[in-house]
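Colleague: Chains as they are written, first to last, in the working numbering: chain C, 1116 to 1345; chain B, 1116 to 1345.
2 protein chains.
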Amino acid sequence: MDGSTFAIARLTLPEAAAERLRTLIIEGELAPGARLNERELSERLGVSRTPLREAFRMLAADGLLVQLPNRGAQVVALSRDDVRHAFEVMAALEGLSGELAAARVTGQDVEELQTLQAEMEQAHERHDLPTYYRVNRAIHERINGIAGNPILTQTFKTLNTRLHALRFRSNLVRAKWDQAVAEHRQMIEALAVRDGAGLRDILIRHLKAKRQAVLESMIAGSGDAAVPNA
Amino acid sequence: MDGSTFAIARLTLPEAAAERLRTLIIEGELAPGARLNERELSERLGVSRTPLREAFRMLAADGLLVQLPNRGAQVVALSRDDVRHAFEVMAALEGLSGELAAARVTGQDVEELQTLQAEMEQAHERHDLPTYYRVNRAIHERINGIAGNPILTQTFKTLNTRLHALRFRSNLVRAKWDQAVAEHRQMIEALAVRDGAGLRDILIRHLKAKRQAVLESMIAGSGDAAVPNA
DNA sequence: GGGTTGCATTTTGTATACAACATGCCAAAC
DNA sequence: GTTTGGCATGTTGTATACAAAATGCAACCC
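So, in C-alpha cells, the structure goes:
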C-alpha cells in the first residue's frame, strides 16, 4: 500500500500561517509592495515570530514575497515583464503537459473531462463566474494530472500561484470568456483522439489569451517593478 | 545608476547555512535519506537552530530536503522516475530557452560563445574534466542568459540543483563526452544562424543524452524513492 | 539653508529556554 | 508468545529575551 493513504493531513503552524498569508496576498488584503511587520503580523495571526518567519521563507520560495536582509519581507509587485516571462515559461510547460496527457489519456479520463466541460458550459451560460473558475481550474488540474509528471505539476503550480497574486480575475470580458469556453471544448476533443501536437497548440493559444487578459488588467506602465523581485 | 551596483553581497546567516548544506548534500557528505539532527548540525555549522531551520525551509523549497512534521528534515532520495520527470520538464524549458536565445542573440554573443567553445574543446582534448564542467556550465548559463527570461533561468536552475544532489558527475564515459562536445558545437552554429527550431532540437537531444547518463549512474531499481519527496 | 552627524526608536536577526511530540524499551496482561 | 500500555529519553516545535541593524529625527556645523 501507499502507506500515507490514510494519514490525516496535519498542517504545521508555519504551513498554516503561510496558507493564511497566501490568501491575504491573493485577495489583496496585503497589497503588492507592502512591507510585513513581523511583530504586528504575528499578533494578527496569533502565532509567534519564529513560525511566522518560516512561513515567510516558504512564501519567498513561492515567489510571493521578497526578503531583504535586515529589512524584512515585502509582498512582490510583479512587473509587466515578469508576467510576460512567467507566461512564456508556463506556455512551454502547458505544451509539454498536453503532449504527455494525450499520450497517456484513458477513455475514462475523457469521460470525466467531458462531464466537467458540461458543468463549465452550464456555469458559463448562467454567468456563474465563481463556479466557472472552480471547474475551469479542475479541468486544467485534471489534464495536468493525466500527464503524470508530478514535477511538471508542481513547477506549473508555483508559477500559477505567483500570477494569482495579481488578482486579475475581476475583469473578464464577455468575448474572451466565450473564447475560453470554446477552447476548452477543443482541448477535450484533441485529448479524445490523442492528438498531442494539437492539444499542445490549443493549450499554448489558450494561455496566450490569458496572458493578454492579465496584461490588460494591469495598469499601464514600464517593465519595472515597484519592488525588486530577484 | 543601478543603485545596487556597488552593494557588497552580504550573505545572511540562513543563506550561508543553506549554501553550506547544499554543498554538503551535493558532495555526498550528507547522504540521500539521511536525517538531519538540528542540534548536532547547528553545532557543526556554528549556528543556532533558528537560522538553521530557515535554511532547511529554503532547501526544502529547492527540493533538496523533505520536512516531515515533528520528525525533522531529511535529504531527498530521488527515484528514477523523479529523474525522468525532472528531465522531461527541463527538456521543455531548454527548448524554450533555445528558441528565445536564437531570436535575441547578437553577433557579440556568438563570438563570446565561440571563445568558450574553444576553451571547452581544449579542456576536452587534455582530458581536463573540472575545466570542462566549468566551461560547459558557463556555456549553458550564457545561452540561458541570452534567452532573457529570468523566470525561465531560475526555474531551470532549481531543477538542475535538485539533480546535482545525485552526484552523477563521476562516470562520464568517453563516447558520451565526445558526443556532448560535438553537440555543443552544433548549438553555437544553430545560434549563429538564428535557427531557433534547430537549436531547440539540439538542446533537447543533448539533455536526453544527459538523462541517459544520469539514469545509468543510478543503481538499478524501481521507480520508488527511499524517502517520500512530495 | 543645506548638509552631515549622532542619537533614539523601531525592526529584524539570533540564541535559548521550555513545551509538545515521537520513539524505543520494558513490564504487565491476556 | 504476543500485544498493549506506560514510561524514559531524545528530538522537534514555539515563544521569548536579547543583540544587531536600520530608520527617522533633531541638533549641529559650515
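Every residue gets a Cβ at the ideal spot worked out from N, C-alpha and C, and that includes glycine.
What you are looking at is a predicted structure, and each value in this text was computed from that prediction instead of being measured.
Looking only at C-alpha atoms, which of L1180/B, V1288/B, N1152/B and R1309/B sits nearest to I1141/B?
Modeller: Here residue 1141/B refers to the residue found at position 26 of the second sequence. Minimum Cα distance to I1141/B is reached at L1180/B.
Colleague: With distances taken between CB atoms, is the gap from G1187/B to E1144/B smaller than 8 Å?
Modeller: If you number the second sequence from 1, residue 1187/B lands on position 72. If you number the second sequence from 1, residue 1144/B lands on position 29. No, the Cβ-Cβ distance between G1187/B and E1144/B is not below 8 Å.
Colleague: What are the start and end residues of the alpha helix (DSSP H) that includes V1296/C?
Modeller: As a working note, residue 1296/C is residue 181 in the first sequence. Residues R1289 to A1307.
Colleague: Which residues in the same chain as T1276/C place their Cβ atom closer than 6 Å to its Cβ, once the five residues preceding and following it in sequence are excluded?
Modeller: Counting from 1 along the first sequence, the entry for residue 1276/C is found at position 161. Taken in chain order, the residues that qualify are D1177.
Colleague: Taking Cβ-Cβ distances below 7 Å as the criterion, which residues of the segment 1166-1187 of chain B are in contact with chain C?
Modeller: Answer set for the segment 1166-1187 of chain B: R1168, E1169, R1172, M1173, A1176 and P1184.
Colleague: Look at the Cβ atom of R1309/C, then the Cβ atom of A1217/C, and state whether they are nearer than 8 Å.
Modeller: Along the first sequence, one-based indexing puts residue 1309/C at 194. Along the first sequence, one-based indexing puts residue 1217/C at 102. Taking 8 Å as the Cβ cut-off, R1309/C and A1217/C qualify as a contacting pair.
Colleague: So if DSSP puts L1180/B in a beta bridge, which residue, or which two residues, is it bridged to?
Modeller: Locating residue 1180/B in the second sequence gives position 65, where the first residue counts as 1. Bridge partners of L1180/B: V1190/B.
Colleague: Output, in sequence order along the chain, the residues in the segment 1211-1229 of chain C whose CB is closer than 7 Å to any CB in chain B.
Modeller: The residues in question are L1211.
Colleague: Tell me, which residues are paired with E1150/B by DSSP?
Modeller: If you number the second sequence from 1, residue 1150/B lands on position 35. The sequence as given places Arg at residue 1150/B; Glu does not occur at that position. Bridge partners of R1150/B: Q1189/B.
Colleague: Taking 8 Å as the cut-off, decide whether the C-beta atoms of L1281/C and M1205/C are in contact.
Modeller: Indexing the first sequence from 1 puts residue 1281/C at position 166. Indexing the first sequence from 1 puts residue 1205/C at position 90. Against a cut-off of 8 Å, the Cβ pair of M1205/C and L1281/C comes out as no contact.
Colleague: Hey, how far is the Cα of A1295/C from the Cα of A1207/C?
Modeller: Here residue 1295/C refers to the residue found at position 180 of the first sequence. Here residue 1207/C refers to the residue found at position 92 of the first sequence. Looking at the two C-alpha atoms, the distance is approximately 19 Å.
Colleague: Look at the alpha carbon of L1244/C and the alpha carbon of E1256/C, and state the distance between them as a whole number of angstroms.
Modeller: One-based indexing of the first sequence puts residue 1244/C at position 129. One-based indexing of the first sequence puts residue 1256/C at position 141. Spanning the two alpha carbons is a distance of roughly 18 Å.
Colleague: Who are the Cβ neighbours of N1185/C in its own chain at under 6 Å, not counting the five residues just before and after it?
Modeller: On the first sequence, residue 1185/C is found 70 positions in, with the first residue counted as 1. Result list for N1185/C: empty, nothing under 6 Å.
Colleague: Assign L1193/C to buried or exposed, taking buried as 16 or more other Cβ atoms, counted over all protein chains shown, within 10 Å of its Cβ.
Modeller: The count along the first sequence starts at 1 and reaches residue 1193/C at position 78. With 16 or more other Cβ atoms within 10 Å, it is buried.
Colleague: Any idea if H1239/C is buried or exposed, counting beta-carbon neighbours within 10 angstroms, 16 or more meaning buried?
Modeller: Position 124 of the first sequence, counted from the start, is the residue given in the question as residue 1239/C. H1239/C is buried by the Cβ-count criterion.
Colleague: Could you pull out every residue in the same chain whose Cβ sits closer than 7 Å to the Cβ of T1270/B, ignoring the five residues on either side in sequence?
Modeller: Taking the first residue of the second sequence as position 1, residue 1270/B is located at position 155. Around T1270/B: L1208.
Colleague: With a 10 Å radius around its C-beta and 16 neighbouring C-beta atoms as the bar for buried, classify K1272/C as buried or exposed.
Modeller: Position 157 of the first sequence, counted from the start, is the residue given in the question as residue 1272/C. By the neighbour-count rule (16 or more Cβ atoms within 10 Å), K1272/C is not buried but exposed.
Colleague: Note down the Cα distance separating L1318/C from A1175/C, rounded to an integer number of angstroms.
Modeller: Sequence index remark: in the first sequence, residue 1318/C carries index 203 (1-based). Sequence index remark: in the first sequence, residue 1175/C carries index 60 (1-based). Between L1318/C and A1175/C, the C-alpha separation is close to 29 Å.
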